[in-house]
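Undergrad: Protein chains in written order, with the working numbering: chain A, 732 to 1123; chain B, 732 to 1123.
Number of protein chains: 2
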Amino acid sequence: MEVPGPVDVVVIGGGVIGLSAAWYAARDGASVVVLDPEPGRGATWAAAGMLAPVGEAHFGEEPLARLNVLAAQAWPAFAEALEAASGTAVAYRATGTVAAAVDASDRAAVDDVLRFQLALGLDARRLSSGQCRELEPLLAPGIRGGAEFAGDHQVDNRLVVTALLVACARAGVTVVADEASTVTVTGDRVAGVALRGGGTVAAGAVVLAAGCRSGQVGGLPPEAVPPVRPVKGLTLRLRAPASGPALVRTVRGLVHGRSCYLVPRADGSIVVGATMEERGFDLTVQAGPVHDLLDDARTVVPAVDEYGLEELTTGSRPGTPDNAPVVGRAGPDGLVVATGHFRNGILLTPVTAEAVAALLAGRPVDAAMAPFGPGRFAPEGAAGRAGTPVGA
Amino acid sequence: MEVPGPVDVVVIGGGVIGLSAAWYAARDGASVVVLDPEPGRGATWAAAGMLAPVGEAHFGEEPLARLNVLAAQAWPAFAEALEAASGTAVAYRATGTVAAAVDASDRAAVDDVLRFQLALGLDARRLSSGQCRELEPLLAPGIRGGAEFAGDHQVDNRLVVTALLVACARAGVTVVADEASTVTVTGDRVAGVALRGGGTVAAGAVVLAAGCRSGQVGGLPPEAVPPVRPVKGLTLRLRAPASGPALVRTVRGLVHGRSCYLVPRADGSIVVGATMEERGFDLTVQAGPVHDLLDDARTVVPAVDEYGLEELTTGSRPGTPDNAPVVGRAGPDGLVVATGHFRNGILLTPVTAEAVAALLAGRPVDAAMAPFGPGRFAPEGAAGRAGTPVGA
């Protein structure tokens, strides 16, 4: 494989985060190389494309929820720009979400999320069981009620990959199908990235956006290595029969304390997700999680039994100790980290791409991103840049 | 595609039945062509390879059970001959079967099968829950007991396909990847088979072994058309982790009135089957049956949750009005029907191949096959040969 000559920016990782950052940087005039053995085929590929700022109400996660809300609001313009730049559709669908609770505890959990949504100023309302079924007649008669989250939309994450690859190509980005081995550093500054397959791409800046593998790239000082771990997820691709009623909204089911969602695409497919499993880097599709997802999905939408089961996909999300992303400068000059998006990678793509591009170009970064710099994980007394807040 | 010249026998259908009949006929000295667009990829491919003469105890099916027992007894020699002829393994495993009942009704059903097995002279015994788990420690602690069917073995049906294709090739059989359109008849006698792709293979005898599609071949008088319908089945291919305890015997679970089986291969894979669905020729893998099979399998063997889920396969068995095969002469001279094997296609392969070869060569056919001629479905007063018993 031919190694490209010196460029302004090397992006390590070609998922939605890396590709969108590369696209934005190229629009800013930078020459950009993206390194990924299989662009878009990691967590990005397994995702369902839900754009839900508040999945569950977790105490202490308000700053993340606010970032998520900003990201959701940024999606329509991002989708429009991406479709214009690529000439391909990404199927952003503003159809909202219905949450459906199966038992009384599930109902209480939906109410918690509802309160959180309302506190954030989002468009949400409580629904009786009957009202749930008025909105989505395929919901099971036995559900205990739920809520409508009118602003929780979806996008086809796989179409986003295609569009980003085209937009990147048109913007002059080079995608190299190889893995980053080491970030090379000269003095206080990054000098480029050495490839697993041999050779080095020289660059003035490096974006570390390798998802759950971001901690495996060599050459970085400890304080610049993001504390990400793989959190395995399984999604199923179903297909509804061509005739008969279909889901319109995303359905988020709470089933005896477990959560599942059904995301209906315009093309008749339905993405069902997602498990959360601590399995290291093992991506085996296991029978148990497939069973549990199907069990929950058919409890909420009994018609699922008749749906074709077309695909079982696993991926590993980049989880962090506080479940929030890691976006900002770290370690040597010229290094920007953009990973740890956990369950919100698709959602956070527009704001992350913007933040990375701003950091690379020396523009100010949105204040909502400030809490999520790499420095928050630095050990007490660790020196210097690792503790630098985003945009500093 | 080149159409072969005149041969002695054309076999319509390249599943285990058609291929084994072709191999036997070729061994008898006949020139043989097999027609199948995808040899071995129908019901044969989806099967689990259980060689169980008595799956359930059905009143009035004693003649079929006796044929099944003969077939099971024929398997060791058949497997040996096939391996010798092909030089490839078929993984016949004489490890027996444990039946495991989940509730009291399931226990009663297992007892029924046990009585039937004993009445047929088979090696079977009742087991307590603890005895079940002594034999197979992976069985769920909660099962209510069961039985050991020491003579219910298994073979790898996909390896059988490979071996049959090699044995056929070595015996001079030509496999043509096309579909039979019509049996051509001249006077009272078959003259050959016209192909969907054009052309006709001239032949003195035709074997109709097209499984659930055997009723769709044109050119035959009504009384020679076997009354087969497709009965959809789903099997799953799982894989146990390389370390840890594994199943040794086939496990037949009865789970609240539903039946499932787990067939452990020597290579660490486990075939789980099988649903029975009346869905016409639709082979869509549906979410509901996948759920139900996994649900039953993990109820009987909880470790299934950790197993990799590698494949979801559907196939259509050839069902008949009395659940028994249709093997014998029918319609014009030279036509032999061999289909309708329903759930016992792999099991009945040796005795069916032998019967077809005998019919083609004019040898007497085993009396156990006599009840299963095509004539039993002929309408009252239908003329002549359709009512001819096997071997007449």
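In this text, a Cβ means the ideal position worked out from N, Cα and C, and glycines have one as well. These numbers come from a predicted model, not from an experiment.
1) If contact is defined by three or more beta carbon pairs under 8 Å, each pair taking one atom from either stretch, is the segment 1015-1033 of chain B in contact with the segment 1029-1040 of chain A?
2) Is A/A878 helix, strand or coil by DSSP?
3) For A/I1080, does the three-state DSSP call read helix, strand or coil?
4) Would A/R797 and A/A1099 qualify as a contact pair, given that the criterion is a beta-carbon distance under 9 Å?
5) Would the beta-carbon of A/G818 fall within 9 Å of that of A/L895?
6) In chain order, what residues of the segment 1026-1046 of chain A put their CB closer than 7 Å to some CB of chain B?
7) Determine, using beta carbons only, whether B/T1080 and B/V747 come nearer to each other than 9 Å.
8) What separation, rounded to the nearest whole angstrom, lies between the Cα atoms of A/A898 and A/V904?
9) To the nearest angstrom, report how far apart B/G1082 and B/G827 are at their CA atoms.
10) Taking the beta carbon of A/A941 as the centre, do at least 16 other beta carbons fall within 10 Å, making it buried, or is it exposed?
11) Smallest Cα separation from B/P784: which of B/H884, B/E769 and B/G1004?
12) For A/D919, does the count of other Cβ atoms within 10 angstroms reach 16, so buried, or fall short, so exposed?
13) Residue ranges of each beta strand (DSSP E) run of no fewer than 3 residues wholly in the segment 997-1034 of chain A, ordered along the chain?
14) What is the C-beta distance between B/F1103 and B/P1056, in whole angstroms, given that I count them as a contact (C-beta under 8 Å)?
15) Would you report the Cα separation of B/A955 and B/V738, rounded to the nearest angstrom?
16) For B/L801, which residues from the same chain have a beta carbon less than 8 Å from its beta carbon, with the 5 sequence-adjacent residues on both sides left out?
17) Are the segment 757-773 of chain A and the segment 901-915 of chain A touching by the rule of at least three beta carbon pairs closer than 8 Å?
18) Does DSSP put A/V897 in a helix, in a strand, or in coil?
19) What is the residue span of the alpha helix (DSSP H) that B/S859 lies within?
20) Just checking my contact of A/A1069 with A/A822 at CB under 8 Å: how many whole Å lie between their CB atoms?
21) Can you find a CB in chain A that lies within less than 9 Å of the CB of B/T1015?
22) Taking the C-alpha atoms as reference points, what is the distance between A/P868 and A/M1007?
23) Nearest by alpha-carbon distance to B/V982: which of B/G930, B/A871, B/G923 and B/A1084 is it?
24) Hey, does B/A779 have any beta-carbon neighbour from chain A nearer than 9 Å?
25) Report all residues from its chain with a CB closer than 6 Å to the CB of A/A779; omit the five preceding and five following residues, and keep chain order.
26) Pair every Cβ in the segment 828-847 of chain B with every Cβ in the segment 907-924 of chain B, then say whether three or more of these pairs are closer than 8 Å.
27) Do A/A933 and A/R923 have their beta-carbon atoms positioned less than 9 Å apart in this structure?
28) Can you list the alpha helix (DSSP H) stretches of 4 or more residues lying completely in the segment 740-813 of chain B, in chain order?
29) Rounded to whole angstroms, how far is the Cβ of A/A825 from the Cβ of A/G984, which I believe are closer than 8 Å?
30) Does any C-beta atom of chain B lie closer than 9 Å to the C-beta of A/H987?
31) For A/R1107 and A/R1074, which I take to be in contact (beta-carbon distance under 8 Å), what is that distance rounded to the nearest angstrom?
32) From what residue to what residue does the alpha helix (DSSP H) around A/L849 run?
33) Return the chain-ordered list of same chain residues with a C-beta closer than 7 Å to the C-beta of A/A855, the five sequence neighbours on each side being excluded.
34) By Cβ distance, which residues of its chain are closer than 6 Å to A/L853, with the 5 residues on each side in sequence left out?
35) Applying the 10 Å Cβ sphere with the 16-neighbour rule, what's the burial state of B/H987?
36) Does B/L795 have its Cβ less than 9 Å from a Cβ in chain A?
TA: Reading off the structure:
1) yes
2) Counting from 1 along the first sequence, the entry for residue 878 of chain A is found at position 147. Three-state DSSP puts A/A878 in a strand.
3) The residue labelled residue 1080 of chain A in the question sits at position 349 within the first sequence. Correcting the residue identity first, residue 1080 of chain A is Thr in this sequence and not Ile. Looking at A/T1080 - three-state DSSP - the assignment turns out to be helix.
4) Within the first sequence, residue 797 of chain A is the residue found at index 66, counting from 1. Within the first sequence, residue 1099 of chain A is the residue found at index 368, counting from 1. For A/R797 and A/A1099, yes; Cβs fall inside 9 Å.
5) Residue mapping note: residue 818 of chain A aligns to position 87 of the first sequence, counting from 1. Residue mapping note: residue 895 of chain A aligns to position 164 of the first sequence, counting from 1. The answer is no: Cβ separation not under 9 Å.
6) D1026, R1029, V1035, D1036, E1037, Y1038, G1039, L1040 and L1043
7) If you number the second sequence from 1, residue 1080 of chain B lands on position 349. If you number the second sequence from 1, residue 747 of chain B lands on position 16. Cβ distance < 9 Å, so B/T1080 and B/V747 count as in contact.
8) Walking along the first sequence from the start, residue 898 of chain A turns up at place 167. Walking along the first sequence from the start, residue 904 of chain A turns up at place 173. C-alpha separation (whole angstroms): 9 Å.
9) Locating residue 1082 of chain B in the second sequence gives position 351, where the first residue counts as 1. Locating residue 827 of chain B in the second sequence gives position 96, where the first residue counts as 1. The question names Gly, yet the displayed sequence has Val at residue 1082 of chain B. Cα to Cα, B/V1082 sits roughly 21 Å from B/G827.
10) Counted from its first residue, the first sequence places residue 941 of chain A at position 210. It is buried - the Cβ of A/A941 has at least 16 other Cβ atoms within 10 Å.
11) For the purposes of this step, residue 784 of chain B is taken as the residue at position 53 of the second sequence. Residue B/H884 is the option with its Cα nearest to B/P784.
12) For this step, residue 919 of chain A is matched to residue 188 along the first sequence. By the neighbour-count rule (16 or more Cβ atoms within 10 Å), A/D919 is not buried but exposed.
13) 1000-1004
14) Taking the first residue of the second sequence as 1, we reach residue 1103 of chain B at position 372. Taking the first residue of the second sequence as 1, we reach residue 1056 of chain B at position 325. Confirmed, about 5 Å.
15) As a working note, residue 955 of chain B is residue 224 in the second sequence. As a working note, residue 738 of chain B is residue 7 in the second sequence. One C-alpha to the other measures close to 22 Å.
16) Here residue 801 of chain B is taken as the residue at index 70 of the second sequence, counted from 1. Excluding residues within five positions, the ones whose Cβ falls inside 8 Å are V1082, D1097 and A1099.
17) yes
18) One-based indexing of the first sequence puts residue 897 of chain A at position 166. Note: A/V897 maps to helix in three-state DSSP.
19) Residue mapping note: residue 859 of chain B aligns to position 128 of the second sequence, counting from 1. No alpha helix (DSSP H) contains B/S859, which DSSP labels as neither H nor E.
20) The residue labelled residue 1069 of chain A in the question sits at position 338 within the first sequence. The residue labelled residue 822 of chain A in the question sits at position 91 within the first sequence. A/A1069 to A/A822, Cβ: 24 Å. No contact.
21) As a working note, residue 1015 of chain B is residue 284 in the second sequence. By this cut-off, B/T1015 is an interface position.
22) Translated into positions along the first sequence, residue 868 of chain A becomes position 137. Translated into positions along the first sequence, residue 1007 of chain A becomes position 276. The alpha-carbon atoms of A/P868 and A/M1007 are separated by roughly 29 Å.
23) Walking along the second sequence from the start, residue 982 of chain B turns up at place 251. Among B/G930, B/A871, B/G923 and B/A1084, the Cα nearest to that of B/V982 is on B/A871.
24) Looking up residue 779 of chain B in the second sequence gives position 48. So, not an interface residue.
25) Residue numbering aside, residue 779 of chain A sits at position 48 when the first sequence is read from its first letter. Here the set comprises T966, V994, V1002 and G1004.
26) no
27) Here residue 923 of chain A refers to the residue found at position 192 when the first sequence is read from its first residue. Here residue 933 of chain A refers to the residue found at position 202 when the first sequence is read from its first residue. As written in the sequence, residue 923 of chain A is Gly, which differs from the Arg given in the question. Their beta carbons are under 9 Å apart, which means A/G923 touches A/A933 by this criterion.
28) 747-758 and 774-777
29) Here residue 825 of chain A refers to the residue found at position 94 of the first sequence. Here residue 984 of chain A refers to the residue found at position 253 of the first sequence. In fact, because the Cβ distance is near 21 Å, the residues do not count as touching under 8 Å.
30) For the purposes of this step, residue 987 of chain A is identified with residue 256 of the first sequence, where counting begins at 1. Chain B contact via Cβ: absent.
31) Sequence index remark: in the first sequence, residue 1107 of chain A carries index 376 (1-based). Sequence index remark: in the first sequence, residue 1074 of chain A carries index 343 (1-based). Actually they are not in contact, since the Cβ atoms of A/R1107 and A/R1074 sit about 19 Å apart, beyond 8 Å.
32) Residue numbering aside, residue 849 of chain A sits at position 118 when the first sequence is read from its first letter. Taken as a continuous stretch (DSSP letters only), the alpha helix (DSSP H) holding A/L849 covers A835 to A850.
33) Here residue 855 of chain A refers to the residue found at position 124 of the first sequence. Excluding positions up to five away in sequence, the list reads L845, Q848, L849, A878, E879, F880 and A881.
34) Counted from its first residue, the first sequence places residue 853 of chain A at position 122. Cβ within range, chain order: G882.
35) Here residue 987 of chain B refers to the residue found at position 256 when the second sequence is read from its first residue. Burial call: exposed.
36) Start at 1 with the first residue of the second sequence, and residue 795 of chain B comes out as number 64. It does not: the Cβ of B/L795 has no partner Cβ on chain A nearer than 9 Å.
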